[in-house]
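Chemist: Here it is, the structure in full.
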Amino acid sequence: HEESIVELAFQTTGKIIMELYEKQFPSMIDSFQDAVKCLSEFACNARFLDTSMEAIRLVRLCAYHINISSHLFAEHAGMDNGIDVQVAEEDRIWVRGWFPLLFSLSCIVNRCKLDVRTRALTVLFEIIKTYGDTFNSYWWKDLFKILFRIFDNMKLPEQYTEKAEW
């Protein structure tokens, strides 16, 4: 019963990212961070390995959508609570696109089983290699904090982490 609910929820999320983002991304940009967070949670579900791996693949697809829609992030102030008003137009893609996506991958690396962590780390570095040349130089400081956080977490004694498999 639980498996069918998870599968249905994941199929719905996948359909949104694979089909609706392709056609309707401008109207769905406000939900982008929620979609990435949702994929992160699917990836961290230890009971459904195939879903975890597919969720990471969809995170990579989200990176593609950020890249091809960079102008939409800049143009779209979004969020009724006014947070984006204080963010410079050229930084909105980082604050609402790249940073949440890269951070979610780092969370997967820090929280999941070995095979899922390994895949998430591979995708994280693939995204950095593929799109990193589009990042503003000062965004890299945030990116390094994300990366160092992963490796700092590895320094903790095993009993304080979920890293018995490392």
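Heads up, the sequence shown is in our numbering, so the first residue is 82 and it goes up one at a time. Note that beta-carbon positions come from the ideal geometry of N, C-alpha and C, so glycine has one too. Since this is a predicted model, take the numbers as computed values, not measurements.
In the DSSP assignment, the alpha helix (DSSP H) including L101 goes from what residue to what residue?
Modeler: Within the sequence shown, numbered from 1, the residue matching residue 101 stands at position 20. Here L101 belongs to no alpha helix (DSSP H), and DSSP marks it neither H nor E.
Chemist: What did DSSP end up calling N126 once you bin it into helix, strand or coil?
Modeler: In the sequence shown, the residue the question calls residue 126 occupies position 45. N126: coil per DSSP, three-state reduction.
Chemist: Can you say whether Y145 is buried or exposed, counting buried as having 16 or more other CB atoms within 10 angstroms of its CB?
Modeler: Against the sequence shown, residue 145 aligns to sequence position 64. It is exposed - the Cβ of Y145 has fewer than 16 other Cβ atoms within 10 Å.
Chemist: Measuring only the C-alpha atoms, how far is L228 from V204?
Modeler: Within the sequence shown, the letter at position 147 stands for residue 228. Within the sequence shown, the letter at position 123 stands for residue 204. Approximately 13 Å between the Cα atoms of the pair.
Chemist: May I have the straight-line CA-CA distance separating R192 from S151, to the nearest angstrom?
Modeler: Residue 192 sits at position 111 when you count from the first residue of the sequence shown. Residue 151 sits at position 70 when you count from the first residue of the sequence shown. Approximately 29 Å, taken between the alpha carbons.
Chemist: Quick one: grab the DSSP three-state call for D115.
Modeler: Here residue 115 corresponds to residue number 34 of the sequence shown, with the count starting at 1. Reduced to three states, the DSSP call for D115 is helix.
Chemist: Near R177, which residues of its chain fall below 6 Å by C-beta distance, leaving aside the five closest residues on each side in sequence?
Modeler: Locating residue 177 in the sequence shown gives position 96, counting from the first residue. Answer for R177: F154, listed in chain order.
Chemist: With distances taken between CB atoms, is the gap from L224 to L183 smaller than 8 Å?
Modeler: If you number the sequence shown from 1, residue 224 lands on position 143. If you number the sequence shown from 1, residue 183 lands on position 102. Contact: yes.
Chemist: With distance defined between alpha-carbon atoms, name the residue in V140, S187, N148 and I86 nearest to I97.
Modeler: To locate residue 97, count along the sequence shown from 1; it is residue 16. Of V140, S187, N148 and I86, the residue nearest in Cα terms is V140.
Chemist: Check for me: the alpha helix (DSSP H) holding E207 runs from which residue to which?
Modeler: Here residue 207 corresponds to residue number 126 of the sequence shown, with the count starting at 1. Segment L195 to Y212, the alpha helix (DSSP H) holding E207.
Chemist: Less than 6 Å between C-beta atoms, sequence neighbours within five positions excluded: which residues of the same chain meet that for P181?
Modeler: Here residue 181 refers to the residue found at position 100 of the sequence shown. Closer than 6 Å at Cβ, skipping near neighbours: Q114 and V117.
Chemist: Please classify T94: is it buried, with 16 or more other beta-carbons within 10 angstroms of its beta-carbon, or exposed?
Modeler: The residue labelled residue 94 in the question sits at position 13 within the sequence shown. Buried, because 16 or more other Cβ atoms sit within 10 Å of the Cβ of T94.
Chemist: DSSP three-state call for Y145: helix, strand or coil?
Modeler: Counting from 1 along the sequence shown, the entry for residue 145 is found at position 64. It is helical.
Chemist: In angstroms, rounded to a whole number, what distance separates the CA positions of L186 and Y212?
Modeler: Position 105 of the sequence shown, counting from 1, holds the residue named residue 186. Position 131 of the sequence shown, counting from 1, holds the residue named residue 212. Rounded to the nearest angstrom, the two C-alpha atoms are 15 Å apart.
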